[in-house]
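Trainee: Sharing a structure here in structure tokens format.
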Amino acid sequence: MTQHVADSHDLIRVHGARENNLKDVSVELPKRRLTVFTGVSGSGKSSLVFATIAAESQRMINETYSTFIQGFMPTLARPDVDLLDGLTTAIIVDQERMGADPRSTVGTATDANAMLRILFSRLGKPYGGPAQAFSFNVASISGAGAVTVEKGGRVTKERRSFEVIGGMCPRCEGRGSVSDIDLDQIVDREKSIMEGAILLPGYSMEGWYGRIYGGCGFFDPDKPVKSFTKRQLDDLLYKEPTKIKVEGINITYEGLVPRMQKSMLSKDVDSLQPHVRAFVERAVVFTTCPECDGTRLTAAARASKIKGISIADACAMQISDLAAWVRELDEPSVAPLLAGLQEVLDSFVQIGLGYLSLERPSGTLSGGEAQRTKMIRHLGSALTDVTYVFDEPTIGLHPHDIQRMNDLLLQLRDKGNTVLVVEHKPEAIAIADHVVDLGPGAGTAGGEVVYEGTVEGLSSSGTLTGKHLHDRATLKPAVRERTGVLEVRGASAHNLQSVDVDLPLGVLVVVTGVAGSGKSSLIHGSVSTRDDVVSVDQTPIRGSRRSNPATYTGLLEPVRKAFAKANGVKPALFSANSEGACPNCKGAGVVYTDLAMMAGVATTCEVCGGKRFDASVLDYTLGGRDISEVFEMPVEEAVEFFGVGDARTPAAHKVLERLMDVGLGYVRLGQPLTTLSGGERQRLKLATQMGDTGGIYVLDEPTTGLHLADVENMLGMLDRLVDSGKSVIVIEHHQAVMAHADWIVDLGPGAGHDGGRVVFEGTPAQLVAARSTVTGEHLAQYVGA
């Protein structure tokens, strides 16, 4: 069954892998080939590829650094595996959102900005200075300092002045926006400091902040703030960092506004904890910087131009337009630089991201856009014989764009690299040199290699993936009748060109179009914000490492009450965050050890064995199971457990049925939310919100991460939502969902400024018959019309 490769040096060998649900998995993967890993969600693909192969590669690379350097790196445990042989350096290109630093843009995340800065420093007129003079991450500073010089054989120190010319706008510090803070949201002037006048989240007077602001001596902490002198109020709000002594301890005092700017406003708002984000949105208004007009750059950097275009203009252009502009530049003195920049910009266009601009904040990219942007870093890399690991690179791609993604994956392989891809899309599986199919099911029912070999062999293997590989949905013989329309008029967010469209209600509406055509701008900008709309997307779920599906869905509340009632004790005993917590690990299940200069280490709690609860709590049972055993249950087991007998808990059972409906039967109730994929997060949110009273549901690519066999279940769930009286609007590329729709709205015809228009609206059958759009062509091929 396994493909035979003669030379063992040409193999990555994995023997006895047991990470997560893997059951002693052994595989031999050919190097310098493209291997696709398939299987239902939760079958163990990521456990094998990311948690075993890629994790061990990264751990071994980290161990080559000095102990000092390792001290600044996360401590990586060796994966649970008997043998890993033939590993090469692994580069993971995943769907994690890119850094939330507000200074990070598409241009800075790739080599494009660096090349542009050099280009303008060489060709810009008037001369704008060195390359760093065009960087909004470098501030202009001047000063003096001592330097060591040698004169006539003698070493002496001389004081010399220095000047650094950077491109950072001094007003907004390179962020492009300035913040206007409502001081009344920071301080309650009617109260004294000790009465709680400071309103910043986490600034309790019982802790260190109370000791600092109460004992600083700059003002009377027992007087109402409204009675402070101008100087005292200024010290409270704006004082620069100042060394003071409080209770005999040397500390640095700083006014509330600069402290808030460093701790809250220097980060992307979306990366903050929910309560801090809510405070910032309430207390701060962000406006475009009036000095640089949002370009982040100094006037000198903006004044230097090449053929009438400044670096700010270049970064604001759609990348496909910028590529065309660079192609017109003919300067032999910088020919290699122009060729390199051209290659990077063409890669953006080739990968389907030509509609972006280099100034786009990287934190605003979707998971699929982020993954493709990261990919651009590696396409021009001089490295060979490395292992590239991709997590569903076709996510967010229209069928039209998948072929281009395939070409890029093959391009990486043909440079002599090993490419490992986790995928569900048949079009992406088709290009594999080697396939590893995991299953047969999910969770505890998965974790085995059920097929290993060629794509042709997979088709006839009889596995779940093999059976569904050539599935093709058919057009519905009849579509539902609308009950009304939701009117959108003059939508012009981002690239939308004053769009007017009527979205039918009471039916399943699918909004489609190539990546960047304006789908999300139309729906999230004009529909999601309305009353009566429940919007479910793939953004990360905010929560601590203690958060899990049981806590997130509210399932735990009725479960705790059921345990309490059955045993005649308090519900709080059955919370790992309350009275029932293990006293040693405080209910975390692991103990975090701070190793000073080295990275901290998490070890399973020796007292509770990772169960999180005090031993006495585990004496109480419901239906023969203790609370820690309930947390270990997958949803499909729990739905049965809470549906019958002594453990019957209708409120819990209802939530669990919804989790089953959205295809999360394999997820454990106590599984940390941080381990869920984007698609799993969206389906968890959907299950949680299915009981909401909203009449219109908006879903953003709900098939993300779904196996071919699960798409049918998702369509059944969408049907049940519509049949229950809801209106469902889905942004989706999957042809099976398009074919199943009652109404399709297709945007395009292209991306960016080439899109933003409705190019078709009607039934799927009409779209296939017309074949007037790219989507229509692909859907017609899919259904065999």
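Counting from 119, one number per residue, gives the positions in the sequence shown under our numbering.
Think of the CB as a built atom: it goes at the ideal place given N, C-alpha and C, for glycine as much as any other residue.
Predicted model only: the values in this text are computed from it and were never measured.
Cutting at 6 Å between CB atoms, please list the residues of its own chain near P359, excluding the five before and the five after it.
Mentor: By 1-based counting over the sequence shown, the position of residue 359 is 241. Hits under 6 Å: T370 and E372.
Trainee: Which residues bound the alpha helix (DSSP H) around A135?
Mentor: Residue mapping note: residue 135 aligns to position 17 of the sequence shown, counting from 1. Where A135 is concerned, there is no enclosing alpha helix (DSSP H), although the beta strand (DSSP E) it sits in stretches over L129 to A135.
Trainee: Could you tell me whether the Cβ atoms of V964 and D525 are closer together than 8 Å?
Mentor: Within the shown structure, residues of the chain are numbered from 119 to 903, placing residue 964 beyond reach of any answer.
Trainee: How is G242 classed by DSSP in three states: helix, strand or coil?
Mentor: Position 124 of the sequence shown holds residue 242. Coil, per DSSP.
Trainee: Report the rounded CA-to-CA distance for E807 versus R801, giving the unit in angstroms.
Mentor: Locating residue 807 in the sequence shown gives position 689, counting from the first residue. Locating residue 801 in the sequence shown gives position 683, counting from the first residue. In the sequence under discussion, the amino acid at residue 807 is Gln, which differs from the Glu named in the question. Computed Cα separation, rounded: 10 Å.
Trainee: Counting Cβ pairs, one atom from each stretch, are 3 or more of them under 8 Å apart for the region 814-822 and the region 845-862?
Mentor: yes
Trainee: Please identify the residue among T512, R277, L483 and S258 whose C-alpha is closest to the C-alpha of T266.
Mentor: Position 148 of the sequence shown, counting from 1, holds the residue named residue 266. Answer by Cα proximity: R277.
Trainee: In whole angstroms, what is the alpha-carbon distance linking N139 and S165?
Mentor: Sequence index remark: in the sequence shown, residue 139 carries index 21 (1-based). Sequence index remark: in the sequence shown, residue 165 carries index 47 (1-based). Their Cα atoms are separated by approximately 8 Å.
Trainee: Pairing CB atoms from the region 670-688 with CB atoms from the region 760-773, are three or more of them under 8 Å?
Mentor: yes
Trainee: For V99, which of T572, G575, V625 and R648 has the nearest alpha-carbon?
Mentor: Because the chain is modelled from 119 through 903, residue 99 falls outside the range shown and cannot be assessed.
Trainee: By how many angstroms is the C-alpha of A694 removed from the C-alpha of K704?
Mentor: Taking the first residue of the sequence shown as 1, we reach residue 704 at position 586. Taking the first residue of the sequence shown as 1, we reach residue 694 at position 576. Their backbone Cα atoms lie some 8 Å apart in a straight line.
Trainee: Could you compute how far the alpha carbon of G707 sits from the alpha carbon of I429?
Mentor: Taking the sequence shown and counting its residues from 1, one reaches residue 707 at position 589. Taking the sequence shown and counting its residues from 1, one reaches residue 429 at position 311. Approximately 52 Å, taken between the alpha carbons.
Trainee: For H552, which of helix, strand or coil comes out of DSSP?
Mentor: Along the sequence shown, read from residue 1 onward, the residue named residue 552 stands at position 434. Note: H552 maps to strand in three-state DSSP.
Trainee: Just to check my reading of the structure: L234 and A548 have Cβ atoms closer than 8 Å, yes? What is that Cβ distance to the nearest angstrom?
Mentor: In the sequence shown, counting from the first residue as 1, residue 234 sits at position 116. In the sequence shown, counting from the first residue as 1, residue 548 sits at position 430. Contact flag wrong, Cβ pair sits at about 38 Å.
Trainee: Do you know how far the Cα of L833 is from the Cα of M856?
Mentor: Within the sequence shown, the letter at position 738 stands for residue 856. Within the sequence shown, the letter at position 715 stands for residue 833. Each residue's Cα considered, the two are about 10 Å apart.
Trainee: Pop quiz: E313 and K344 are said to be a contact at Cβ under 8 Å. What is the actual Cβ separation, rounded to whole angstroms?
Mentor: Position 195 of the sequence shown, counted from the first residue, corresponds to residue 313. Position 226 of the sequence shown, counted from the first residue, corresponds to residue 344. Not confirmed; about 12 Å, so no contact.
Trainee: Could you please give me the residues that DSSP links to I849 through a beta bridge?
Mentor: Counting from 1 along the sequence shown, the entry for residue 849 is found at position 731. According to DSSP, I849 bridges with V629 and D818.
Trainee: For D128, which residues from the same chain have a beta carbon less than 7 Å from its beta carbon, with the 5 sequence-adjacent residues on both sides left out?
Mentor: One-based indexing of the sequence shown puts residue 128 at position 10. Excluding sequence neighbours, D128 sits near P148 and K149.
Trainee: Based on Cα-Cα distance, which residue from A805, P342 and D841 lies nearest to I316?
Mentor: What you label residue 316 is simply residue 198 of the sequence shown in a count that begins at 1. Closest by alpha carbon: P342.
Trainee: On the three-pair Cβ rule with 8 Å, is the region 194-204 touching the region 398-418?
Mentor: no
Trainee: Please state if the CB of L318 and the CB of I304 are separated by a distance shorter than 8 Å.
Mentor: One-based indexing of the sequence shown puts residue 304 at position 186. One-based indexing of the sequence shown puts residue 318 at position 200. In contact: I304 and L318 (Cβ atoms closer than 8 Å).
Trainee: Alpha carbon to alpha carbon, how far is G742 from S696?
Mentor: Here residue 742 is taken as the residue at index 624 of the sequence shown, counted from 1. Here residue 696 is taken as the residue at index 578 of the sequence shown, counted from 1. Approximately 23 Å, taken between the alpha carbons.
Trainee: For the 8 Å Cβ check, are there 3 or more pairs between the region 822-831 and the region 576-593?
Mentor: Touching, per the Cβ criterion.
Trainee: Which partner residues does P342 have in the DSSP bridge list?
Mentor: For the purposes of this step, residue 342 is taken as the residue at position 224 of the sequence shown. P342 is bridged to S310.
Trainee: On the DSSP bridge list, what partners appear for E605?
Mentor: Walking along the sequence shown from the start, residue 605 turns up at place 487. Looking at the DSSP assignment, E605 forms a beta bridge with D620.
Trainee: What separation, rounded to the nearest whole angstrom, lies between the Cα atoms of S84 and A611?
Mentor: With the chain running from 119 to 903 in the structure shown, residue 84 is simply not present.
Trainee: Of all the options A401, W326, R131 and V403, which has the alpha carbon lying nearest to the alpha carbon of I367?
Mentor: Stepping through the sequence shown from its first residue, residue 367 is reached at position 249. Of the listed residues, the one whose Cα sits closest to I367 is W326.
Trainee: Whose CA, out of L497, L501, R490 and L528, lies closest to the CA of E510?
Mentor: Taking the sequence shown and counting its residues from 1, one reaches residue 510 at position 392. Out of L497, L501, R490 and L528, R490 has the C-alpha closest to the C-alpha of E510.
Trainee: Going by C-alpha to C-alpha distance, which of S638, A596 and A421 sits closest to N613?
Mentor: Taking the sequence shown and counting its residues from 1, the one referred to as residue 613 is at position 495. The shortest Cα separation from N613 among S638, A596 and A421 belongs to S638.
Trainee: Going by DSSP in three states, Y738 sits in which element: helix, strand or coil?
Mentor: Working through the sequence shown from its first residue, we reach residue 738 at position 620. The answer is coil: DSSP assigns Y738 none of H, G, I, E or B.
Trainee: Distance check for D198 and H552, CA to CA, integer angstroms please.
Mentor: The residue given as residue 552 occupies position 434 in the sequence shown. The residue given as residue 198 occupies position 80 in the sequence shown. Taking the straight line from one Cα to the other gives about 24 Å.
Trainee: Would you call the CB atoms of A550 and V573 closer than 8 Å?
Mentor: Position 432 of the sequence shown holds residue 550. Position 455 of the sequence shown holds residue 573. Yes. Within cutoff.
Trainee: Are the Cβ atoms of G328 and V364 separated by less than 8 Å?
Mentor: Within the sequence shown, the letter at position 210 stands for residue 328. Within the sequence shown, the letter at position 246 stands for residue 364. Against a cut-off of 8 Å, the Cβ pair of V364 and G328 comes out as no contact.
Trainee: Pull up the distance between the alpha-carbon of M716 and that of R136, whole angstroms please.
Mentor: Counted from its first residue, the sequence shown places residue 716 at position 598. Counted from its first residue, the sequence shown places residue 136 at position 18. Reliability fails at M716, whose pLDDT of 42 lies under 50, so the model's placement of it is uncertain and the value that follows must be treated cautiously. Straight-line Cα distance between these residues: approximately 28 Å.
Trainee: Start and end of the alpha helix (DSSP H) containing D448?
Mentor: Locating residue 448 in the sequence shown gives position 330, where the first residue counts as 1. No alpha helix (DSSP H) contains D448, which DSSP labels as neither H nor E.
Trainee: Along the chain, where does the alpha helix (DSSP H) containing I520 start, and where does it finish?
Mentor: Along the sequence shown, one-based indexing puts residue 520 at 402. Annotation: the continuous alpha helix (DSSP H) that includes I520 extends over P517 to D532.
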